[in-house]
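In this text, residue positions in the sequence shown follow our numbering: the first is 40, and each later residue adds one. Virtual Cβ for every residue (Gly too), placed ideally from N, Cα, C. Small disclaimer: the values here were computed from a predicted structure and weren't measured. The structure appears right after this line, and notes come after that.
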Amino acid sequence: MITLYGKAASRTSRNLWALEELGIAYKHVPFDYLKGDTKMAEYLTINPAGKVPALVDDDVVMTESLGMNLYIAHNYGIGTLWPEGKAARAKCIQWTLWAATELEPPAVGRLIEFNFKKEHERDQKNIDELAEHTKWPLNTLDAALQRSTYLAGAMFTIADLNVAAVCEYLTRTKFDLTPWPAANRWVSECLARPANQKVNAMKMAA
């Protein structure tokens, strides 16, 4: 059974979403980095960096949330989150790395400005620059979703989950997605999935 470390209101939510989509049994240990849980010796043997999330599955120990989701999908979601066919699987890897390198940096930057700073502390110049840096990847995403219902083909896969999980940072900071109608529709549909709504309830309960 997979053991997942990290509170729901963190990047751990991505992994919880994947596990809930698959409906497999797992153990959730909601360690909170803000309370110092991740600095305990018990956890540092799992992730010496002292960050969440982390995953333990028998003799497998893994960190990095998006990579963990690829592992979960590949090992537990063949035919669902991990699609059949080399081309679709390649898209899952491609879009996951794209999310981490192209979209997440400006999205996290916005999250820091809007969710971790008081209004008078916000850097408007930085916010404007982050908005510009967000537009280019959204152009790429929107173009892909004009050609296909989902990122790896006709079905929802880990590619969609991983990218949508990053897009959630944009919705939380009220970034206007309407100029990208295909992406806007897709983000709304992905985030409304029952598995993600269950994870949102976990966040609220924490």
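As a quick exercise: from the options, pick the residue whose alpha carbon is nearest that of residue i.
i    : options                : result
V147 : L216, R211, P233       : R211
A221 : L230, D181, P122, M194 : D181
W225 : K242, A234, L190       : L190
Q236 : N114, G45, A57         : A57
Y44  : E59, Y65, E207, E60    : Y65
V202 : A240, L169, V91, P144  : P144
P218 : V238, P69, T179        : T179
F70  : P87, L83, L61, K46     : K46
N139 : V238, N239, V205       : The question names Asn, but residue 139 is Ala in the sequence shown. The shortest C-alpha separation from A139 is found at V205.
M40  : L230, T135, D98        : D98
P233 : N154, E60, T188        : E60
L142 : F214, I117, I85, L177  : L177
E228 : Y72, A240, L184        : L184
K74  : K90, T84, E152, N86    : K90
L83  : D96, H67, V100         : V100
I117 : K242, M194, Y208       : M194
D96  : I63, N154, E123        : I63
S49  : D215, Y208, F153       : Y208
T42  : P122, P87, L94         : L94
I need the boundaries of the beta strand (DSSP E) containing residue i, first residue and last residue.
i    : result
M101 : 99-102
For the alpha helix (DSSP H) containing residue i, list its first residue and its last residue.
i    : result
A146 : 143-154
D199 : 197-211
R253 : Because the chain in this structure spans residues 40 to 245, residue 253 falls outside the shown range and cannot be described.
P220 : 220-230
L136 : 125-137
E81  : 80-83
A240 : 233-244
Does residue i get closer than 9 Å to chain C when you measure Cβ to Cβ?
i    : result
A203 : Looking at the structure shown, chain C is missing, and only one protein chain is on hand.
Based on the DSSP secondary-structure assignment, which residues constitute the bridge partners of residue i?
i    : result
L43  : H67, L94
Y189 : G192
W121 : I117
Counting Cβ pairs, one atom from each stretch, are 3 or more of them under 8 Å apart for the stretch 118-135 and the stretch 198-208?
-> yes
*asked:* Quick test of the definition: if touching needs 3 or more C-beta pairs under 8 Å, does the stretch 52-59 touch the stretch 93-109?
replied: yes
Original post:
Any chance the stretch 106-115 sits against the stretch 79-87, with 3 or more Cβ pairs inside 8 Å?
Top reply: no
Three or more beta-carbon pairs under 8 Å between the stretch 139-154 and the stretch 170-189, yes or no? yes
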